[in-house]
Structure formats: C-alpha cells, structure tokens
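A short write-up of the structure that comes next.
Residue numbers (our numbering), protein chains in the order written: chain A, 145 to 369; chain B, 3 to 424.
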C-alpha cells in the first residue's frame, strides 16, 4: 500500500530542527571555555582536540541548517513567517562559525594570552557564552510558543528571556572595553603582530554575544507578527 | 422486467458483492485518514486505533448511518424516469458501486485521498446520464455537492479554530495549565459525548426500533454526556504525572491529559465516519435490493433490508483490519509535531461536522472535513507546518472524482447491459 496522501498534509515540522540547531551551536561556543583553559597553559595538543570538536559541531550545525532550508518549500503553511525562520537559522549558524574561527585562529597562531588579562578574558568569554546559552534557552521555547498559538503568557515569558539576553550582551560590551584597556596597558611588551590578532580575538569573542542577541531579535520579530 | 424476475437473486448477490468491495475500500483507505491524527499524535497505538475504529465504525454505521442512504438514492437522481425501466436502475446502481470501488482502489494505490462519497455520487450521475439522460439528475443537488467542497471545510475549519482557541484560553494560556486541563478536559469529553449521543438518538435508534421523544432524546444525550465526562475525569485522575517534566509550563503533562481526550475523539471520529461513509457503500445496494424485492417497482420510500447495514459495517471493518493497518502506520510515523491537544481540536471538529452533516442528510466527505479541520488548527497557529501543495492536490482530487466516477460507471454500465442483454 502506497503512502496515504492525507498524511502529506502535515509537513515535517521545522521547529524541532531549529531548536536542535541552536543546541549544537551553543555547545560549540561552550567548548571555547575548556579550549582557552588549555590555551592559557600552552597545552596545544589538547587545544587542538577541542578545536576539532568545535569544528565537528559546526559541521553538524551546517548539516542541520541545510536540512531546515530544504524542509521549507514555498507551499508550506506555518505559524511563523518562512523568511523569519530562514533568517533565524542563518544567524544561529553564524555563532558556530564564529566559535570555529576563534578556535582555528588561536591554534593556528599558537597565540599566547598575557597572564595579566587571562582571568578577565575568561569571565568575558564566559559571559559571551552565557549570551548564546540564553539565546538557546529562548529558542527552545519555540514549541511551547506553538502550543499556545504564539500568544499570551508564553510570549511574555520569552520576551523576558530576550530582555535578559540584551542585558547580558551589554555586560559583554562593557567587559570588552575593560579587557581592551588591560591589553593596551601590557601591549608594549608583546609582539605587535600578536597583539593585533589578540585584539581581533577579543572582538570575535564579543561577536558571539552580538550574534546571540541578533538571534534573539529575530525571535522577537517572529513574535511581533 | 423479466430480467429482474429471472436474475433477481443473482443481481442482489452481485450488488452485495460490489457493495462489500466498496465498503472494504472505504475501510482500508478512509478510516486510516480518520484515525491518522490520533496515531500521529501518539495518543493511541496502532493496535488501539484499529480496535477503536472497528467498534465505533460499526456502531456508527449501524446506529446513525441510515439517513444518508436516502439522500444518495433519491436525492441525486430522480427515480421517476426509471419507473418503466427498473432493470436499468438495478444495473446502474451495481455499476456505480463497482466504479466507485474501483476508483477508490486505484486512487489508494496512487496515494490520492479521494472522497468516497463523491466517487459514488459521480458514478450514480454517470449511469443516470446514459440510462435516461440529463433530466433524471437533480442538478440543484449536484450544485449543492460542489458547494460542499467549500462549505464543509469552512465549517469544520471554523469549529476546529474555535475549539483550539477555547483550549488556548482555558488551559494553555493560564498560570496553571495542568490544573485547568484537569478541570476543563472532562467538559470537552462531555461535549464530544453529547454530539455523538444526540445524533445516535435522533437518527439511529429508529433503525433498531426505538423511538424517543425530543425531550427524552435530549435528556438522554445530556445524561450520556455527563457520564462520559465523569468517566473522563476518573481516567485523568489516574494519570501519572511527571512533576519534573516541565519547570514552568507543565505542557508535557497537559498533553497527557489531552491524550485521554484524544481517545474519545478518535472514537467520535470513527463513529462519525461510520455513520456517514458506510452509506456510500450501502445506499446503492439498498436501492437494488428494494427494486428486486418489489418486483421492479421503485418504491418512493422503503425500509432498509435488515442485513444491509451490517454488511456495510462488516466490509469497512474487514478492509480496515486487513489493509488499513499499513496506512495508519504510515500516518502514525509520517506526521510530525502533532500533539494530542492539536490533534484533538482537528478531530473533534471534523467528527462534529460529519455527525451533524450526516444527521441533516448532506453527503459530505470525511476527507474534506478533516482537511478543513486541520487547516483550522493551522490557522490558529497550532500546527507547526502544513503542506499547502498537498492540500491543493487534495482539493483537485475532489473535483476530478465526480467526472472520473461518472466515466467509470458509464463504461461498466455498458458492459453490464451487454452481459445481461438489456
């Protein structure tokens, strides 16, 4: 017996894969914390293992992103706008890409992070990872949002999560300024090219939070319609 | 006239055979649609679904299925022109059954969700056209069927929307969804029980010789509704809740409560389906039996022979048990993100629409109501994704079913005429 066409009415839901995607993405960014712990100690072999791990997570995320895109043909009727969902997953994916870039660059150049800024760098990184975690938490409310028809209490709940995400992102901005100043104080004694790249890495780590915030604002747009 | 006299028994047997064939096809294909949402949302296992479908399809066919048969027999075509040529009516009805059954089987093999109701109507129109010409067809009624392509999904979609939104308001969008679910789900159950009981009482009990007054009817329906609600409350109280499942919203537990409700709506759906669609198979069969028993006189109003309804019911159950399993299984595994609360809104709406329509004698299609109901839940932003291109195909298949059924019936009609030498 061939498949019954009636079941085709229910298209494969894109919601679960989108939630799954941000979980993987968050995992990739979270792996940066143990990664930098190894970097601080100059354990390059272990750092390399973690870099490979991050790269693999990024590939998994890519695969999932492609699947979601393929699952969204034009004739799909969804509770959220097609374009919103596509943009959402595109932004989510950028977090994993950024994490991969950071790990790749740091290992590639075997960058040494000055001891005086290590502690602050780690809290800064931790805060940026918090931002991706918060984004992941908000995105994981998507199926509950679906359950409530994108209305009412659940929307308020998600909106509060997004407000917190904004707050975290602002925190990271302040921390970034501080860590830059600390680096500036010691940069004279360091290799100028290394310092250049170190500024870059600090910037990129900050971007993790920026992108996470952008994911949040995409979600906000979906709620607004 | 001598054809009926000399071949009477054989004609009845032939009609019974094709009627059974048709019912078998309905059971194998349509029932899977009706049960699909329950299995898809994992409220029921496939075995449970089949068991429920068997019991309630049969009950629906037997208790509430009588009304539509007369619409198909007398409503679509005018019997008067056949008064002098009853043998053509008999052969025509047999060819209509055969054509509709064949089309149903073909469409199932190709995976098209055609309407069994409309294939039989198309087939009846087809043979009437060639047997006596277009004046025998009540075109107004046909226009009504065409209208039902829009009206039926609209009604069931609207009901589904209302049910879903009411569940949102009363349960999901509150500070204590689980408590509210426990409080309100029994009311939904009572509602489902009420609709089912009312139609059974008003339309069906006649067939088994029980006649209740309007007041007693409503009183009994309300009584049954209350009983269903109480049993539901007990069933929900026995559920094991996992307090760790959700931190804030408790939706997983709420869905468990809805799963209990889903069992009931699945029963409703099967009942509604049985009451409406079994008529497709037995309507023409009843016409044949009537004509043969009356020696060629086409009676204006005749009672159903006692064995016809059970035969249709058995056909559906047999088709379901033998072929339906696979279809249900594909549906159960194919549908994603259909939770009990969403499936329940779609199913209860579809069932109510079919039961109401069955009560008023309108030959609507179960597929139509389900598609409409699913769309309604989708509109309420309740289903993660609906495939519009499939829905478009389904609508197209509704439209082509009438002409295809007609064409097939015409061919078979000519073959039968040649075979019996009429």
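For every residue, glycine included, the Cβ atom is placed at its ideal position computed from N, Cα and C.
- Within the stretch 116–147 of chain B, the runs of alpha helix (DSSP H) that reach at least 4 residues and sit entirely inside it are, in chain order, 118–134.
- Residue contact check for residue 317 (chain B) against chain A: no CB pair falls below 9 angstroms.
- In this structure, the beta-carbon distance from residue 239 (chain A) to residue 321 (chain A) does not fall below 9 angstroms.
- Three or more pairs of CB atoms, one per stretch, sit closer than 8 angstroms, so the stretch 13–28 of chain B contacts the stretch 98–112 of chain B.
- The beta carbon of residue 357 (chain B) sits closer than 6 angstroms to those of 197, 201, 274, all from its chain and outside the five residues before and after it, given in chain order.
- Straight-line measurement puts the Cα of residue 364 (chain B) at about 15 angstroms from the Cα of residue 141 (chain B).
- Apart from sequence neighbours up to five positions away, the residues of its chain that approach residue 64 (chain B) with a beta-carbon distance below 6 angstroms are 311, 315, ordered along the chain.
- For residue 260 (chain A), the uninterrupted alpha helix (DSSP H) run begins and ends at 259–283, by DSSP.
- Out of A:330, A:183, A:289, the CA that lies nearest to the CA of residue 366 (chain A) is found in A:289.
- Here residue 261 (chain B) is near residue 342 (chain B), since their CB atoms are less than 9 angstroms apart.
- The Cβ-Cβ distance between residue 402 (chain B) and residue 129 (chain B) does not fall below 9 angstroms.
- Under DSSP, the beta-bridge partners assigned to residue 154 (chain A) are B:388.
- Under the criterion of beta carbons closer than 8 angstroms, residue 363 (chain A) and residue 282 (chain A) qualify as touching, at roughly 6 angstroms.
- Going by DSSP, residue 296 (chain B) is part of no alpha helix (DSSP H) at all; its letter is neither H nor E.
- Contact residues of the stretch 8–28 of chain B toward chain A are absent (C-beta to C-beta distance below 9 angstroms).
- Where residue 192 (chain A) is concerned, the enclosing alpha helix (DSSP H) starts and stops at 188–214.
- Among the residues of chain A, none has a CB under 7 angstroms from the CB of residue 419 (chain B); the nearest is roughly 34 angstroms distant.
- Between residue 352 (chain B) and residue 199 (chain B), the C-beta gap is not smaller than 9 angstroms, which leaves the two residues out of contact.
- A residue is called buried when at least 16 other Cβ atoms come within 10 angstroms of its Cβ; residue 170 (chain B) meets this threshold and is buried.
- For residue 294 (chain A), the secondary structure class from DSSP, reduced to helix, strand or coil, is coil.
- Per DSSP, the continuous alpha helix (DSSP H) segment holding residue 221 (chain B) begins and ends at 216–239.
- For the set B:414, B:422, B:385, B:399, the Cα lying nearest the Cα of residue 222 (chain A) is the one of B:385.
- Contact annotation, residue 210 (chain A) with residue 244 (chain A): C-beta distance approximately 16 angstroms; criterion of less than 8 angstroms not satisfied.
- By the Cβ-count criterion, residue 246 (chain A) is buried, with 16 or more other Cβ atoms from all chains shown falling within 10 Å of its own Cβ.
- In the structure shown, residue 79 (chain B) falls within a strand segment according to DSSP collapsed to helix, strand and coil.
- Taking residue 174 (chain A) as reference, the option from A:323, A:314, A:328, A:274 with the minimal CA-CA separation is A:274.
- Under the three-state reduction of DSSP output, residue 340 (chain B) falls in the coil class, being neither helix nor strand.
- Between residue 166 (chain B) and chain A, the shortest Cβ-Cβ separation is below 9 angstroms.
- For chain B, the residues of the stretch 219–242 of chain A that bring a beta carbon within less than 7 angstroms of one of its beta carbons are 219, 220, 221, 222, 223, in chain order.
- In the three-state reduction of the DSSP assignment, residue 46 (chain B) falls in the coil class.
- Rounded to whole angstroms, residue 27 (chain B) and residue 277 (chain A) show a C-alpha spacing of 53 angstroms.
- Listed by position along chain B, the residues whose Cβ is nearer than 8 angstroms to that of residue 303 (chain A) form an empty set, because the closest Cβ is around 14 angstroms away.
- A residue is called buried once 16 or more other Cβ atoms fall within 10 Å of its Cβ, and residue 201 (chain A) is buried on that count.
- Taking a beta-carbon distance threshold of 9 angstroms, residue 384 (chain B) counts as an interface residue toward chain A.
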